[in-house]
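Trainee:
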Amino acid sequence: QKEVEQDPGPLSVPEGAIVSLNCTYSNSAFQYFMWYRQYSRKGPELLMYTYSSGNKEDGRFTAQVDKSSKYISLFIRDSQPSDSATYLCAMDQFYFGTGTSLTVIP
Amino acid sequence: EAGVAQSPRYKIIEKRQSVAFWCNPISGHATLYWYQQILGQGPKLLIQFQNNGVVDDSQLPKDRFSAERLKGVDSTLKIQPAKLEDSAVYLCASSLGSLAGAVYEQYFGPGTRLTVT
Chain U
390 QKEVEQDPGP LSVPEGAIVS LNCTYSNSAF QYFMWYRQYS RKGPELLMYT YSSGNKEDGR
450 FTAQVDKSSK YISLFIRDSQ PSDSATYLCA MDQFYFGTGT SLTVIP
Chain Y
104 EAGVAQSPRY KIIEKRQSVA FWCNPISGHA TLYWYQQILG QGPKLLIQFQ NNGVVDDSQL
164 PKDRFSAERL KGVDSTLKIQ PAKLEDSAVY LCASSLGSLA GAVYEQYFGP GTRLTVT
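In order, the protein sequences belong to chains U and Y.
Counting from 390, one number per residue, gives the positions in the first sequence under the numbering used here.
Counting from 104, one number per residue, gives the positions in the second sequence under the numbering used here.
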C-alpha cells in the first residue's frame with residue numbers, strides 16, 4: 390500500500406463548477422498536508438498547506454484535513470480555465486500523491 | 104525575484120551513457136532538493152542539501168546517481184550509467200531552510216526532462 394493515494398483522474402468540469410480533489414494516506418504520524426498545482430512542463434507550486442486537522446481557506450481554494458479518516462480534500466470554487474493543471478497532495482513536504490489532472494472547460 | 108534555474112531543459116541519451124543536470128537555486132536559499140518525477144507519478148525526493156552538506160540521500164540510487172553542491176549554491180546531479188527506467192523529469196527545488204518540525208515553502212524549477220533510449 391502506498392503511503393499517499395490520489396485518484397489520477399482525469400477530471401473535466403465546466404467553468405464555474407466546484408471541484409473536489411482528494412487524497413488518502415496511511416501514516417497517522419503525518420502532520421503537514423500540502424496541495425501543489427503543476428502546470429504542464431512546469432514545476433509544482435505550493436497552493437496552501439494545513440497543519441493537523443481542520444480547514445483553511447485562501448480565496449477560491451479551501452483545504453480540509455480529517456486526520457481521523459486519514460483523508461484530505463481541496464475544494465476549488467468558481468473554477469476557471471486557468472485552474473486547468475495537475476493537483477498534487479503532499480504529506481510532511483516530501484510524500485507526494487500521483488496527482489489529479491483537472492481540465493476546466495470554458 | 105528570479106526563480107530556480109535548471110539546465111538543460113531536455114536531454115535524450117542512450118542507456119549506459121552518462122548525463123548531468125545543473126541547478127541554480129533562489130539566492131539566499133540554504134536548502135536545495137533534487138526530485139525525480141516519473142510520468143504519471145508524484146515527485147520522489149532523491150537528495151536534500153543544507154548549504155553544502157547532505158541532509159537526506161536515502162532514496163538516491165548511489166550505485167549510479169551522484170550529486171554535489173559545491174560552495175552551498177549551485178548543484179549538479181549526475182547519472183552514470185543511465186538505465187531506461189531513469190527516464191523522468193528531474194526537478195530541483197530550494198527553500199530558505201529545513202528545520203525539523205517546520206514547513207519551509209519549496210520553490211521548484213521547471214525541471215529537466217530526460218529520455219533514455
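C-beta: ideal position from N, C-alpha, C; glycine also.
Below 8 Å on the Cβ atoms is my contact criterion, and I expect U:Ile-465 with U:Arg-449 to pass it. Report the Cβ-Cβ distance as a whole number of Å.
Mentor: Here the question's residue 465 of chain U lines up with position 76 in the first sequence. Here the question's residue 449 of chain U lines up with position 60 in the first sequence. Their Cβ separation, rounded to whole angstroms, is 6 Å, which keeps U:Ile-465 and U:Arg-449 in contact under 8 Å.
Trainee: Mapping the DSSP letters down to three states, classify Y:Gly-212 as helix, strand or coil.
Mentor: Here residue 212 of chain Y refers to the residue found at position 109 when the second sequence is read from its first residue. It is coil, neither helix nor strand.
Trainee: Quick check: the Cα distance between U:Ser-409 and U:Phe-485, rounded to an integer number of angstroms?
Mentor: Within the first sequence, residue 409 of chain U is the residue found at index 20, counting from 1. Within the first sequence, residue 485 of chain U is the residue found at index 96, counting from 1. So the two alpha carbons sit approximately 18 Å from each other.
Trainee: Determine which residues of the stretch 430-441 of chain U have a Cβ less than 8 Å from any Cβ of chain Y, and write them out in chain order.
Mentor: Answer in chain order: Arg-430, Lys-431, Gly-432, Pro-433, Glu-434, Leu-435, Tyr-438, Tyr-440.
Trainee: Count the other CB atoms within 10 Å of the CB of Y:Val-219; is the residue buried (16 or more) or exposed (fewer)?
Mentor: For the purposes of this step, residue 219 of chain Y is taken as residue 116 along the second sequence, with counting starting at 1. Under this definition Y:Val-219 is a buried residue.
Trainee: With a cut-off of 8 Å on the beta carbons, I'd call U:Leu-463 and U:Ala-452 a contact; round off their distance for me.
Mentor: What you label residue 463 of chain U is simply residue 74 of the first sequence in a count that begins at 1. What you label residue 452 of chain U is simply residue 63 of the first sequence in a count that begins at 1. That pair is a contact at about 5 Å.
Trainee: Between U:Pro-399 and chain Y, is any beta-carbon pair separated by less than 9 Å?
Mentor: Translated into positions along the first sequence, residue 399 of chain U becomes position 10. For U:Pro-399, the answer is no, since every Cβ of chain Y falls outside 9 Å of its Cβ.
Trainee: Helix, strand or coil, according to DSSP, for U:Ser-462 in the structure here?
Mentor: Residue mapping note: residue 462 of chain U aligns to position 73 of the first sequence, counting from 1. Correct three-state label for U:Ser-462: strand.
Trainee: Going straight from the alpha carbon of Y:Asn-154 to that of U:Ala-406, what length do you get?
Mentor: What you label residue 154 of chain Y is simply residue 51 of the second sequence in a count that begins at 1. What you label residue 406 of chain U is simply residue 17 of the first sequence in a count that begins at 1. Each residue's Cα considered, the two are about 44 Å apart.
Trainee: I want to see whether chain Y comes within less than 9 Å of U:Phe-450, judged by CB atoms only; does it?
Mentor: Residue 450 of chain U sits at position 61 when you count from the first residue of the first sequence. No, U:Phe-450 lies away from the interface with chain Y (no Cβ there is under 9 Å from its Cβ).
Trainee: For Y:Glu-188, which three-state DSSP category applies?
Mentor: If you number the second sequence from 1, residue 188 of chain Y lands on position 85. Correct three-state label for Y:Glu-188: helix.
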